[in-house]
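Residue numbers (the numbering used here), protein chains in the order written: chain A, 36 to 377; chain B, 575 to 939.
For each residue, glycine too, the CB sits at the ideal point set by N, CA and C.
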Amino acid sequence: MKRLIALIATLTLVAGLFAGCAKKEAQQPTDQTQIKIGLATDEGGKGDKSFNDAAIAGLEKIKAEYGIEPQIIESKSADDYEPNLTTLAADNDLVFGVGFKMADAIKAVAQNNPDKKFAIIDSVVDLPNVASYVFKEEEGSFLMGVIAGKMTKTNIIGFLGGIKFELIEKFEAGFRAGVKAVNPNAKVLVQYANSFSDVALGYEIAKKMYNDGADVIYHAAGGVGIGLFNAAKEMKKWAIGVDSDQAVLIPDKADVILASMIKRVDTATYTASKAAIEGTFASGTVVLGLKEDGVGISPTINPAVPQEVIDLANKYKQAIIDGKFTVPTKPAEVDTFQAPQI
Amino acid sequence: MINNKTKNVAFNALVKKAIDVLMFPLIAILLGLFVAVFFVMWAKNLGFIDGTATLFSAIWEGTFGKRANFIETLVAMTPLIFTGLAHSVAFRTGLFNIGVEGQFIMGMLAAALIGLIPGIPAPIHVTLVLLGGLIFGAVWAAIPGYLKAKVGTNEVVNTIMMNFIAMNVSNYFVKGPIHREGSASSKMILESAQLYRFLSPSERVNVGLFIGIALIFVIYWLLWKTTIGYELRAVGLNMHAAEYGGINSKKNIILAMVISGAIAGLGGAAHVAGTIHKAHQLVGFTNYGFDGIAVALLAKSHPIGVLFSSLLFGGLNSSARILQKFRIPKQIVYIIQGIIIIFVAADYIYKWLKEKKKKEAIKNA
């Protein structure tokens, strides 16, 4: 026991020596504008290279333009959403909830803080101080389906979903509809990993699909998709990315990524923050589809994709923007879906 | 004079015992905080004094400093009281019930299911919800308990597997029959099934906290003032000696598992009925069951200790969000918790080595 106490005392002394050495914290840039912004991530947290990072990227842009340092709190579990948002609302004027799972929490906290502004991504909360941003993931996924349907040689295509939420089913439905539109003979293998983070599982599922004859796999599974890219690289097959331009984010796998379905979550957080700063923040629902440039094909497209496939995808894009047909949002609707000939 | 002296000796012995019991947990907590200061210095580029000040002010603000945070500390503490107690009962009987997590989930599921039945008056409905959680948890723990007692299978392995089954059973219901359209959770339980939030409806602290605290004393009474508790503890200390003394150790193993599971299930039900009012679709474990292991270890499996260690862990969990507000990575909180656990475990190793030395000394003598 004595030795332990001596050890603690020594450590304290040593620590005291270091005390003087550390630098003082760099001066924070002083806020020119009076508004403060907070953001709560879902369980994925910072560094997921997809959804949450995209949301934060929009705020980084605001920081660069207006010098507003956002307060970011990561959620450990779904039970954390409400207290995290409450904490943020106490200090900030505008609070973001990233992810449809936060809808209940945003609703509760927004009702308790009627003088604060809130914004939610991927869900609709109908309150006078909440702006809701939802995306038409099925439209972007449809275009990926067009590319996959044209690029497949084996006529077997894979879809790797994260967790079977209605939100992720929109990706599946759009993708399968896109495949059906250009290649009705192709079969789409669908599997959900029941995770958004298990890389090893993504690798396993992707390898199984490739072994079953698939040569193109599209994922909507966050971190699980990294496993897909690993498997694609190893087996020299194609993969399609999601949310961000993944060929740019993961450069060593760029040669197996045909393209990515971009979802501009950063545009949503940027626009809402800008509106709040300029005093034009409005509640209500903003739907971001192909027309609004909220979803789309990534700027990086693999050189292996022939120009005519890209042109075809762009034709479908135009048709969707013009309202010539609606892309199904539920997997069950795909069976009855009839794509117009283009 | 003599009387006074014996009193003094008794008092000194008590103080010595208290120090003996509390020494390691306290050192563990202090060292945990001490090491965390270095990470704060590193993360924030601060000196030792400033780092300490930042960390402690953040933890203070996050636990007791502000009304809203204090409420969240109590909210975070509530499920840990139940899971900490559940582990304590199992530890006292020489069992390691890792399945507390799964039993907690089954309790949540029971509450989410029973909470949807319409037309039951409030007091009865709440009671049914809690009772349902208790039964679901007890049954879930009874299975591995029975297997352990009758077939001798390891309860650790079985309860871990039961955790996964519980998670998937819960997800089956939350995704299927009781799914709420457009959400990742079940339908909201009815108002008549909700535990009373005694501050205000928007502040999540609820009667579940008092149920937990009351349960602490019930378990204390059970373990130390009843024959059942005596038998449980005897089996925990030495199964064969207990058997020799006429105690049915198999019966007590099952009983300990059932009690442990019932507490965990009750905690899960109280969590749904009081704090979240719905069951989430589980992406991973809730971790309340696993955090309960640390709570029980730090409390040395003593019910009264659980009160304080759950407050500590609840407070640390709650201050994780305030640390992030100060732009300190939340992982610092997990570092503190991890170091506390390591030191508490070190205490057990220290004792074990001492015991071994003693035995060897006897052998050599």
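Exercise for review: Specify the secondary structure class of residue 137 (chain A) as computed by DSSP and reduced to three states.
Suggested key: It is helical.
Check your understanding: By Cβ distance below 7 angstroms, which residues in the same chain neighbour residue 285 (chain A) in space, the five residues on each side in sequence not counted?
Key -> The residues are 264.
Review point. Would residue 57 (chain A) count as contacting chain B if we go by Cβ distances under 8 angstroms?
Key: For residue 57 (chain A), the pLDDT reaches just 42, beneath the cut-off of 50, and the residue's location in the model is therefore unreliable, although a value from the coordinates is still provided. Answer yes: the Cβ-Cβ gap between residue 57 (chain A) and chain B drops below 8 angstroms somewhere.
Practice item. Decide if the stretch 318-332 of chain A is in contact with the stretch 287-299 of chain A; the criterion is three or more beta carbon pairs, one per stretch, under 8 angstroms apart. Key: In short, these stretches touch, since the Cβ pair count reaches three.
Review point. What does residue 860 (chain B) touch in chain A if you count any residue whose Cβ is under 8 angstroms from its own?
Key: Residues of chain A passing the Cβ test: 112 and 114.
Review point. In chain A, which residues lie with their C-beta within 9 angstroms of the C-beta of residue 808 (chain B)?
Key: Going along chain A, no residue has its Cβ under 9 angstroms from residue 808 (chain B), so there is no contact; the nearest lies around 31 angstroms.
Practice item. Spatial neighbours of residue 162 (chain A) within its chain, please: CB distance less than 6 angstroms, with the 5 preceding and 5 following residues excluded, ordered by chain position. Key: Contacts found: 145.
Exercise for review: Counting only runs of 4+ residues fully inside the stretch 192-229 of chain A, write out the alpha helix (DSSP H) ranges in chain order.
Suggested key: For the stretch 192-229 of chain A, the continuous alpha helix (DSSP H) assignments of 4+ residues that do not extend past its boundaries occur at 201-217, in sequence order.
Practice item. Please state if the CB of residue 838 (chain B) and the CB of residue 656 (chain B) are separated by a distance shorter than 8 angstroms. Key: Between residue 656 (chain B) and residue 838 (chain B), the C-beta gap is smaller than 8 angstroms, which places the two residues in contact.
Check your understanding: Should residue 666 (chain B) be flagged as near chain A, meaning a C-beta pair shorter than 8 angstroms?
Key -> Cβ-Cβ to chain A under 8 angstroms: no for residue 666 (chain B).
Exercise for review: Compute the beta-carbon to beta-carbon distance between residue 906 (chain B) and residue 610 (chain B), rounded to the nearest angstrom, for a pair I have assumed lies under 8 angstroms.
Suggested key: Yes, residue 906 (chain B) and residue 610 (chain B) are in contact; Cβ-Cβ is about 5 angstroms, under 8 angstroms.
**Study point:** residue 670 (chain B): first and last residue of the uninterrupted alpha helix (DSSP H) it sits in
**Key:** Here residue 670 (chain B) belongs to no alpha helix (DSSP H), and DSSP marks it neither H nor E.
Check your understanding: Is the CB of residue 676 (chain B) under 8 angstroms away from at least one CB in chain A?
Key -> No, no contact with chain A.
Review point. Which class does residue 296 (chain A) belong to by DSSP, given the choice of helix, strand or coil?
Key: Here residue 296 (chain A) sits in strand by DSSP.
Point to revise | Cross-chain neighbours of residue 106 (chain A) in chain B, by beta carbon under 9 angstroms | key: 898, 899 and 901, listed in chain order.
**Study point:** 8 angstroms contact criterion, which residue 304 (chain A) and residue 123 (chain A) should meet: CB distance rounded
**Key:** Rounded to whole angstroms, the Cβ separation of residue 304 (chain A) and residue 123 (chain A) is 14 angstroms, and the two are not in contact under 8 angstroms.
Practice item. Taking only beta-carbon positions, decide if residue 941 (chain B) is within less than 8 angstroms of chain A. Key: Lying before the first or after the last residue shown, residue 941 (chain B) is absent from chain B, which here runs from 575 to 939.
Practice item. Please name the residues in the stretch 115-132 of chain A whose beta-carbon is closer than 9 angstroms to at least one beta-carbon of chain B, in chain order. Key: Sequence-ordered contacts of the stretch 115-132 of chain A with chain B read 115, 117, 118, 119, 121, 122, 123, 125 and 126 [C-beta pairs closer than 9 angstroms].
**Study point:** Top-ranked residue by Cα proximity to residue 699 (chain B), from B:685, B:708 and B:709
**Key:** Scanning B:685, B:708 and B:709 for the CA closest to the CA of residue 699 (chain B) turns up B:685.
Exercise for review: Within 10 angstroms of the Cβ of residue 751 (chain B), are there 16 or more other Cβ atoms? Answer buried if so, exposed if not.
Suggested key: Per the 10 Å Cβ criterion, exposed.
Review point. Could you check where the beta strand (DSSP E) with residue 153 (chain A) kicks off and where it finishes?
Key: First-last of the beta strand (DSSP E) with residue 153 (chain A): 152-156.
Practice item. Give the DSSP-derived three-state secondary structure of residue 129 (chain A) in the structure shown. Key: Note: residue 129 (chain A) maps to strand in three-state DSSP.
Check your understanding: Would a check of beta-carbon distances place residue 138 (chain A) closer than 8 angstroms to chain B?
Key -> Answer yes: the Cβ-Cβ gap between residue 138 (chain A) and chain B drops below 8 angstroms somewhere.
Check your understanding: With 16 other CB atoms within 10 Å as the buried threshold, where does residue 254 (chain A) fall?
Key -> The residue is buried, with at least 16 neighbouring Cβ atoms inside 10 Å.
Check your understanding: At a Cβ threshold of 8 angstroms, is residue 147 (chain A) touching chain B?
Key -> Yes, its Cβ sits closer than 8 angstroms to a Cβ of chain B.
Check your understanding: Looking at the unbroken alpha helix (DSSP H) that takes in residue 921 (chain B), where does it start and where does it end?
Key -> 905-938 is the extent of the alpha helix (DSSP H) around residue 921 (chain B).
Practice item. Would you mind giving the Cβ-Cβ distance between residue 336 (chain A) and residue 294 (chain A), rounded to the nearest angstrom? I have them listed as a contact below 8 angstroms. Key: Taking 8 angstroms as the upper bound for CB-CB distance, residue 336 (chain A) and residue 294 (chain A) are in contact here, some 5 angstroms apart.
Practice item. Going by CA-CA distance only, name the one from B:676, B:929, B:795 and B:904 that's closest to residue 835 (chain B). Key: Closest option to residue 835 (chain B), Cα to Cα, is B:676.
**Study point:** Per-residue burial, residue 288 (chain A) [other beta carbons within 10 Å of its own, 16 or more giving buried]
**Key:** Looking at its Cβ environment, which holds 16 or more other Cβ atoms inside 10 Å, residue 288 (chain A) is buried.
Review point. Looking at chain B, which residues of the stretch 219-246 of chain A have a Cβ within less than 9 angstroms of any of its Cβ atoms?
Key: Cβ proximity to chain B below 9 angstroms picks out 229, 230, 231 and 232 from the stretch 219-246 of chain A.
Point to revise | Per-residue DSSP class, three states only, for residue 764 (chain B) | key: Secondary structure of residue 764 (chain B) (DSSP, three-state): coil.
**Study point:** 8 angstroms contact criterion, which residue 782 (chain B) and residue 848 (chain B) should meet: CB distance rounded
**Key:** That belief holds up - the Cβ atoms of residue 782 (chain B) and residue 848 (chain B) are roughly 4 angstroms apart, short of 8 angstroms.
Practice item. Determine the contact status of residue 842 (chain B) and residue 707 (chain B), defining contact as a CB-CB distance below 8 angstroms. Key: The answer is yes: Cβ separation under 8 angstroms.
Practice item. Would you identify the three-state DSSP class for residue 699 (chain B), choosing helix, strand or coil? Key: Residue 699 (chain B): helix per DSSP, three-state reduction.
Review point. Rounded to a whole number of angstroms, what is the C-alpha to C-alpha distance between residue 893 (chain B) and residue 873 (chain B)?
Key: Approximately 21 angstroms between the Cα atoms of the pair.
Review point. For the putative contact between residue 250 (chain A) and residue 187 (chain A), defined by C-beta atoms under 8 angstroms, what is the C-beta separation to the nearest angstrom?
Key: Yes, they are in contact, since the Cβ atoms of residue 250 (chain A) and residue 187 (chain A) sit about 6 angstroms apart, within 8 angstroms.
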